[in-house]
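J.: Quick one: this structure, given as structure tokens, is what I'll be asking you about.
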Amino acid sequence: MAMLNRIHLNGLRAVETVARLGSLAAAAGELNVSSSAVSQQISRTEKQLGQALFERTANGLVLTEFGAAFAARLSTGFRELVQAVALADEATQCTLVVSVAPAFASKWLLPRLSRHFARHPNVLLRIDASVRLADLDRSDIDIAIRLGDGKWPGGRSELLLAQEVFPVCAPDIARKLKSIEDLSKTCAITDERAMINWESWFAAAGVEPVTFQKGARFTDPMLCLESAIAGHGVMLGWQLLAADALADGRLVAPFGIRAQSGLGYWLVTSSTRPESRKVRDFKLWIKEEIEATMARFGSAAKGTAGAIAVESTVAPVYVESDIKLRQAGS
Numbered sequence: 004m005a006m007l008n009r010i011h012l013n014g015l016r017a018v019e020t021v022a023r024l025g026s027l028a029a030a031a032g033e034l035n036v037s038s039s040a041v042s043q044q045i046s047r048t049e050k051q052l053g054q055a056l057f058e059r060t061a062n063g064l065v066l067t068e069f070g071a072a073f074a075a076r077l078s079t080g081f082r083e084l085v086q087a088v089a090l091a092d093e094a095t096q097c098t099l100v101v102s103v104a105p106a107f108a109s110k111w112l113l114p115r116l117s118r119h120f121a122r123h124p125n126v127l128l129r130i131d132a133s134v135r136l137a138d139l140d141r142s143d144i145d146i147a148i149r150l151g152d153g154k155w156p157g158g159r160s161e162l163l164l165a166q167e168v169f170p171v172c173a174p175d176i177a178r179k180l181k182s183i184e185d186l187s188k189t190c191a192i193t194d195e196r197a198m199i200n201w202e203s204w205f206a207a208a209g210v211e212p213v214t215f216q217k218g219a220r221f222t223d224p225m226l227c228l229e230s231a232i233a234g235h236g237v238m239l240g241w242q243l244l245a246a247d248a249l250a251d252g253r254l255v256a257p258f259g260i261r262a263q264s265g266l267g268y269w270l271v272t273s274s275t276r277p278e279s280r281k282v283r284d285f286k287l288w289i290k291e292e293i294e295a296t297m298a299r300f301g302s303a304a305k306g307t308a309g310a311i312a313v314e315s316t317v318a319p320v321y322v323e324s325d326i327k328l329r330q331a332g333s
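Following this note's numbering, the numbering of the sequence shown begins with 4 at its first residue and continues without gaps.
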């Protein structure tokens, strides 16, 4: 540790920031100093080390071979320092930041948060409702709930619930559906950004796809659900989106056929940061809530009058590139 006495910490911060952000200007903005000040700190650090860290080129600073290895170690060290300082903040104010898509937050998570508040009154929850894939290593997000295949670089993924798809509609429409073929007399409510499709459900049912009447089209699954509840037609739903509406009778699943989508809801945390107590507690709580929801969902499905008592695990074919682009949604 004594050798650190000859190196200024501000210089090391300047080196790490420029290496990470790629330019003096960007580093100056993060460090809240001028570009010339950052440049001077880097030059001073190189003299103290006796090694060149950057090559000065017409296009800016480029890491030397030694500089790249040095900066990588610095980045690891500064992340540890950030986590050490964060312990002080956690001791005085314990905030849990959860990244989740708006549809999941609105239709399932929000109605259940009071039970988390009651169990963990000292934890302040902040919900980051967004479909973007947040960088869990370089943000204040503690845990993300993502929809996809579980393959996200740089994160630890734990399956929360495999997603099954099935038709749902208002009770008045369900009473008119005596067979799957009767779907041709109804309107399909379509989510234009969905990663699921009707063809996979018809394959699970073992019938040829039917042609629906033209129905409403949305770019948000929450609007699709409200449209179905309002009696505008039939939508292809899934457990957590439709569970509460099925349980209280606003929606009906007219056929007892569910198809595996090949997707699921996953709990994702940083692979480089240790999980805190508040994250472990949240994981335990949400798993219990999922279990309770699925118990209610199962009871609602069994109580569906006239349902065809068949369940399939046929997985649909989906476009891999589409999943990679939008597997954070819903």
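We treat Cβ as the ideally placed atom computed from N, Cα and C, and that holds for glycine. Quantities reported herein were computed from a predicted structural model and do not represent experimental measurements.
Taking M198 as part of the alpha helix (DSSP H), name the residues at either end of that continuous run.
T.: Looking at the DSSP string, M198 is not in any alpha helix (DSSP H), and its letter there is neither H nor E.
J.: What is the rounded straight-line gap between the Cα of I10 and the Cα of P277?
T.: Whole-angstrom Cα-Cα distance: 29 Å.
J.: Note down, in chain order, each residue of its chain lying with its Cβ closer than 8 Å to the Cβ of P114, except the 5 sequence neighbours on either side.
T.: Excluding sequence neighbours, P114 sits near D247.
J.: On the DSSP bridge assignment, give the partners of L270 in chain order.
T.: Answer by DSSP bridge pairing, in chain order: I148 and E161.
J.: Does the Cβ-Cβ distance between V282 and I146 come in under 9 Å?
T.: For V282 and I146, yes; Cβs fall inside 9 Å.
J.: Taking buried to mean at least 16 other C-beta atoms within 10 Å of its own C-beta, is R149 buried or exposed?
T.: Counting Cβ neighbours within 10 Å, R149 comes out buried, since at least 16 surround it.
J.: Mark F337 as exposed unless 16 or more other C-beta atoms lie within 10 angstroms of its C-beta, in which case mark it buried.
T.: Beyond the ends of the chain as shown, which are 4 and 333, falls residue 337; an answer cannot be given.
J.: Rounding to the nearest angstrom, what Cα-Cα distance links R138 and V213 in this structure?
T.: Per the sequence shown, residue 138 should be read as Asp rather than Arg. Cα-Cα distance, rounded: 42 Å.
J.: Name the two residues that bound the continuous alpha helix (DSSP H) containing G14.
T.: Where G14 is concerned, the enclosing alpha helix (DSSP H) stretches over L12 to L24.
J.: Hey, S78 and G158 are a contact pair by Cβ (cut 8 Å); roughly how many whole angstroms apart?
T.: At roughly 18 Å, the Cβ-Cβ gap does not stay under 8 Å, so S78 and G158 are not in contact.
J.: Going by other Cβ atoms of all chains shown within 10 Å of its Cβ, with 16 needed for buried, is D251 buried or exposed?
T.: Under this definition D251 is an exposed residue.
J.: Only counting the same chain, and skipping five residues up and downstream in sequence, which positions put a Cβ closer than 6 Å to that of P174?
T.: Counting only Cβ-Cβ distances below 6 Å, and skipping sequence neighbours, we find V255.
J.: State the DSSP-derived secondary structure class of I130, mapped to helix, strand or coil.
T.: Three-state DSSP puts I130 in a strand.
J.: What three-state label does DSSP hand R220 in the structure shown?
T.: Strand at R220.
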